[in-house]
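Each remark here refers to the structure printed beneath this line.
There are 2 protein chains.
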Amino acid sequence: MTARTDPAVERRTPLSRDRVLRAAVELSDREGIDALSMRRLGQELGVEAMSLYNHVAGKEDLLDGMVDVVVGEVDPPSDAGPWQAAVRARILSARRTMLRHPWASAVIVGRRQASPVVMGYMDSMAGILLRGGFSVDLLHHGFHALGSRVLGFSQELFDDSSDLAAGDEMQAVMLQQLAAAYPNITAIVQQVQHDEASVVGSGCDDQAEFEFALDLQLDGLERLRAAEAAR
Amino acid sequence: MTARTDPAVERRTPLSRDRVLRAAVELSDREGIDALSMRRLGQELGVEAMSLYNHVAGKEDLLDGMVDVVVGEVDPPSDAGPWQAAVRARILSARRTMLRHPWASAVIVGRRQASPVVMGYMDSMAGILLRGGFSVDLLHHGFHALGSRVLGFSQELFDDSSDLAAGDEMQAVMLQQLAAAYPNITAIVQQVQHDEASVVGSGCDDQAEFEFALDLQLDGLERLRAAEAAR
DNA sequence: AAGTTAGTACGTACGGTGTAAGCCTGTCAA
DNA sequence: TTGACAGGCTTACACCGTACGTACTAACTT
Chain A
2 MTARTDPAVE RRTPLSRDRV LRAAVELSDR EGIDALSMRR LGQELGVEAM
52 SLYNHVAGKE DLLDGMVDVV VGEVDPPSDA GPWQAAVRAR ILSARRTMLR
102 HPWASAVIVG RRQASPVVMG YMDSMAGILL RGGFSVDLLH HGFHALGSRV
152 LGFSQELFDD SSDLAAGDEM QAVMLQQLAA AYPNITAIVQ QVQHDEASVV
202 GSGCDDQAEF EFALDLQLDG LERLRAAEAA R
Chain B
2 MTARTDPAVE RRTPLSRDRV LRAAVELSDR EGIDALSMRR LGQELGVEAM
52 SLYNHVAGKE DLLDGMVDVV VGEVDPPSDA GPWQAAVRAR ILSARRTMLR
102 HPWASAVIVG RRQASPVVMG YMDSMAGILL RGGFSVDLLH HGFHALGSRV
152 LGFSQELFDD SSDLAAGDEM QAVMLQQLAA AYPNITAIVQ QVQHDEASVV
202 GSGCDDQAEF EFALDLQLDG LERLRAAEAA R
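Right, dumping it as structure tokens:
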């Protein structure tokens, strides 16, 4: 069974926590988080499932480690410039990371406790705000207000990427039915489709929407910070 | 095995989609979403797991139905008053609902597509904004900015409810270690603990934080709306 | 050189999951 | 009375995470 035809040559590169985590991230990127099982991951590494338990404590620990790998990919903060620019740049870097690993946001919100790596990320982000003149109190509020946005994702309630991927006629009929049930939302859909009729790809510009929401928050926080400083 | 000692009397009240969904919600409220399996739910209803499949298409459909039940519990919108008050009241009602069903937010964000009930909820919310003078475009942006907040929950990255539930001495030691690793975040924790030294319960006031973030968003949107109207 | 020990991979097994397929029975219309 | 049928039950399957015991390997000790 084992491939040790020539033990000196066909030596299997040994497992390690790092190799396990990387393989898990790579598998999830490629086939989605649902495809990630201990057996499947072992198979991916040419190893039995139980061997993985020598390097991760269990599936929970595996997921924790994967989150750390992903969060570790986010650019470190830059200390120069006003706080808004630094926060903005870092959050947008985080967003790019999350887009590379679409499963990550769901896994992150599913963790019970933030890992040291995530805590470190948060702390450095907090540092930017404090150096930018935030009171501890406002910093605290600000973190709550930003929510998961600090990690580069916003919570979308519906997946508008593939909302209406039918033919034009079909789409018109469906739209009419939709309009009867949800007149207001249909107005949005029609507007978006009209605006981007020339642009390739249906649906709205997620990147622009993310930045809009982010800037709305940052502006609001800056206003509060300035008011606090004036007092 | 079956309890049909007297078929005319011991008749089991028949299943129905509604009864299945209600039992699922009730079980999840009581023992958490992880306790919800088809077998366990059947057991709860005095029925075999496979019998449930006569009323729900599968577990996914079950979860969809449960979301509908929960969203259906949110108060309908009030048409009176300014848009901000109406939106605020509805979102806070949604939040109360989500607090009653702690599993719901995770399930909602896990759904692939919004169900008709959720769509209806969104649509009525959109209606409030449109009647409040929003352009379709700004409405669209606003929904993205609010994110999951429209459904009454914000995405918390860490669970600060039971963060530090150890003894005082232990806590002091841990805090010191924490301070070395995460100086900025520790500042927040200490401030919160100091502020609420007299108040029962550790951690911050989640309700206040939610409202802070919500109002920050609503104020920002109102500012944009007014600017748009002036143009 | 021989013996010991620690680490790591393997194999098996257990109890859980969702659900496909077929059976059995009570209810009701013709 | 008969037939259809809806809605329950039973069995079975493929998968999951992981506890446990075994066996091989490499390094260190004597």
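Protein sequence lines, in the order shown, are assigned to chains A and B.
Under the working numbering, the first residue of the first sequence carries the number 2, and numbering increases by one thereafter.
Under the working numbering, the first residue of the second sequence carries the number 2, and numbering increases by one thereafter.
For each residue, glycine too, the CB sits at the ideal point set by N, CA and C.
As the structure is a computational prediction, the values presented were derived from the model and not from experiment.
Cβ distance (whole Å) where residue i is taken to contact residue j below 8 Å
{"i": "B/PHE241", "j": "A/HIS142", "result": "There is simply no residue 241 of chain B to check, as chain B begins at 2 and stops at 232 in what is shown."}
{"i": "B/ALA87", "j": "B/ILE129", "result": "5 Å"}
{"i": "B/LEU217", "j": "A/GLN218", "result": "7 Å"}
{"i": "B/GLY33", "j": "B/TRP104", "result": "6 Å"}
{"i": "A/LEU215", "j": "A/ALA146", "result": "Rounded, the Cβ-Cβ distance is 11 Å, inconsistent with contact."}
{"i": "A/SER52", "j": "A/LEU16", "result": "6 Å"}
Test item: CB-CB of residue i and residue j under 7 Å
{"i": "A/ALA188", "j": "B/VAL151", "result": "no"}
{"i": "A/PHE154", "j": "A/SER116", "result": "no"}
{"i": "A/THR98", "j": "A/GLU61", "result": "no"}
{"i": "B/ASN185", "j": "A/LEU131", "result": "yes"}
{"i": "B/GLN114", "j": "A/GLY148", "result": "no"}
{"i": "B/HIS102", "j": "B/ASP30", "result": "yes"}
{"i": "B/VAL57", "j": "B/VAL26", "result": "no"}
{"i": "B/ASP193", "j": "B/CYS205", "result": "The residue asked about is misnamed: residue 193 of chain B is Val in this sequence, not Asp. In this structure, B/CYS205 lies closer than 7 Å to B/VAL193 by Cβ."}
Residue i to residue j span [Cα, whole Å]
{"i": "B/MET175", "j": "A/LEU225", "result": "32 Å"}
{"i": "A/VAL118", "j": "A/VAL72", "result": "7 Å"}
{"i": "A/MET126", "j": "A/PRO78", "result": "8 Å"}
{"i": "A/GLN178", "j": "A/LEU46", "result": "50 Å"}
{"i": "A/ALA1", "j": "A/ILE109", "result": "Any question about residue 1 of chain A goes unanswered here, given that chain A covers just 2 to 232."}
{"i": "A/TYR183", "j": "B/ALA180", "result": "51 Å"}
{"i": "B/GLN85", "j": "A/LEU140", "result": "25 Å"}
{"i": "A/HIS83", "j": "A/GLY133", "result": "Note that residue 83 of chain A is Pro in the sequence shown, not His. Each residue's Cα considered, the two are about 7 Å apart."}
{"i": "A/PHE144", "j": "B/VAL48", "result": "47 Å"}
{"i": "B/LEU100", "j": "A/ALA95", "result": "29 Å"}
{"i": "A/ALA209", "j": "B/ASP35", "result": "36 Å"}
{"i": "B/ASP207", "j": "B/PHE135", "result": "29 Å"}
{"i": "B/ASP220", "j": "B/ALA50", "result": "50 Å"}
{"i": "B/ARG112", "j": "A/ARG112", "result": "18 Å"}
{"i": "A/ASP76", "j": "B/THR14", "result": "60 Å"}
Practice prompt. May I ask you to verify whether the region 19-32 of chain B touches the region 57-71 of chain B, counting CB pairs closer than 8 Å and requiring at least 3?
Written response: Contact between the region 19-32 of chain B and the region 57-71 of chain B is present, because at least three Cβ pairs lie under 8 Å.
Fill in: At least three beta-carbon pairs within less than 8 Å, the region 78-94 of chain A to the region 118-133 of chain A
When Cβ pairs closer than 8 Å are counted between the two stretches, the region 78-94 of chain A is seen to touch the region 118-133 of chain A, the count reaching three or more.
Worksheet item: Three or more C-beta pairs closer than 8 Å, one from the region 33-47 of chain B and one from the region 222-231 of chain A: is that the case here?
Response: Contact between the region 33-47 of chain B and the region 222-231 of chain A is absent: fewer than three C-beta pairs spanning the two stretches fall below 8 Å.
Discussion item. Threshold first: 4 residues or longer. Then list the alpha helix (DSSP H) segments lying entirely within the region 97-182 of chain B, N to C.
Written reply: Positions of the alpha helix (DSSP H) runs, each at least 4 residues long and wholly inside the region 97-182 of chain B, are given as 105-111, 117-132, 137-147, 169-182 in order along the chain.
Worksheet entry | Contiguous alpha helix (DSSP H) assignments of at least 4 residues, all confined to the region 7-74 of chain B | If we require 4 residues or more, the alpha helix (DSSP H) runs fully inside the region 7-74 of chain B come out as 18-32, 39-45, 60-72.
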